[in-house]
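Here is the structure we will look at.
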Ligand SMILES: N[C@@H](CCC(=O)N[C@@H](CS)C(=O)NCC(=O)O)C(=O)O
């Protein structure tokens, strides 16, 4: 049996955050994929694992799975501290978490499949308006991130300093969603674009990207 199991979906931002953390920390995991568009998350056997019917869920050791990507990142950091993905100094740690939360807690929840489904099926919002909604909320966060990164003295090769942190683990999946969902152009966001490029030079970010997942569509 694998030491840990990650329930994941290729295009899921939240799953991608955890895949990067595992890779940076050199932790292997068996990846079990769910097709969120087909509704695999609502199957009773999965709901028994994660009553929220979402990915990721991580099983490591005993007990029910861990859920919520940011909680999983914190857990991995405490349980497997090397290499650290949070800086040592208090302000820098708060800044890392704030940057991560702009993408993961403010933009991402507005565009997950269950929200898109509710807007389309229950409120009758058509495809063009739905696309506008997705783009609006992702771009709001992208703009905010660019402003925060451009002004902060802690910004380095990566979002905070010269090593990847949780902030980058949230930034890169955020950009991946924006690129997959509406072909986002990063040119208007030079600081964010530079940091994104620096992250993608690292195998832990590149090899765990959506297109390299076992459930990604071919071609
Ligand atoms: N805040 C959660 C978000 C989890 C979440 O909503 N994941 C999405 C994929 S990125 C999902 O599984 N959605 C299922 C659905 O919306 O039906 C986290 O960070 O783990």
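Residue numbers (this note's numbering): 685 to 903.
Cβ atoms here follow ideal geometry from the backbone N, Cα and C, with glycine treated the same way.
As the structure is a computational prediction, the values presented were derived from the model and not from experiment.
Query	Result
Residues bridged to residue 715 [DSSP beta-bridge criterion]	690
C-beta atoms of residue 697 and residue 792 nearer than 7 Å	yes
Endpoints, beta strand (DSSP E) assigned at residue 741	741–744
CA-to-CA distance, residue 817 to residue 750, given in whole angstroms	30 Å
First and last residue of the uninterrupted alpha helix (DSSP H) at residue 818	811–835
Beta-carbon proximity list for residue 771, same chain, < 7 Å, skipping 5 on both sides	777, 780, 844, 845 and 849
Chain C contact for residue 792 (CB, 7 Å cutoff)	Protein chains in the displayed structure number just one, and chain C is not present.
Ligand 1 heavy atom lying under 6 Å from the CB of residue 825	no
Beta-bridge partners of residue 839, as assigned by DSSP	845
Beta-carbon proximity list for residue 890, same chain, < 6 Å, skipping 5 on both sides	884
Contact the segment 693–707 vs the segment 892–900: 3+ CB pairs below 8 Å	yes
Which of helix, strand or coil DSSP assigns to residue 704	helix
Spatially closest choice to residue 752 from 768, 702 and 686, by CA coordinates	702
Proximity winner among 710, 869, 688 and 689, relative to residue 769 (alpha-carbon distances)	710
According to DSSP, residues forming a beta bridge with residue 751	741
Per-residue burial, residue 831 [other beta carbons within 10 Å of its own, 16 or more giving buried]	exposed
Residue 757 beta carbon near ligand 1 (any heavy atom closer than 6 Å)	no
Per-residue DSSP class, three states only, for residue 784	helix
8 Å contact criterion, which residue 886 and residue 877 should meet: CB distance rounded	Wrong, their Cβ atoms sit about 16 Å apart, outside the cutoff.
Through-space distance from residue 733 to residue 758, alpha-carbon basis	20 Å
heavy atom of ligand 1 below 6 Å from residue 785 C-beta	no
C-beta contact flag for residue 853 and residue 705 at 7 Å	yes
From 785, 808, 800 and 699, residue whose alpha carbon lies closest to that of residue 899	699
Assigned exposure category for residue 767 - 16 Cβ within 10 Å defines buried	exposed
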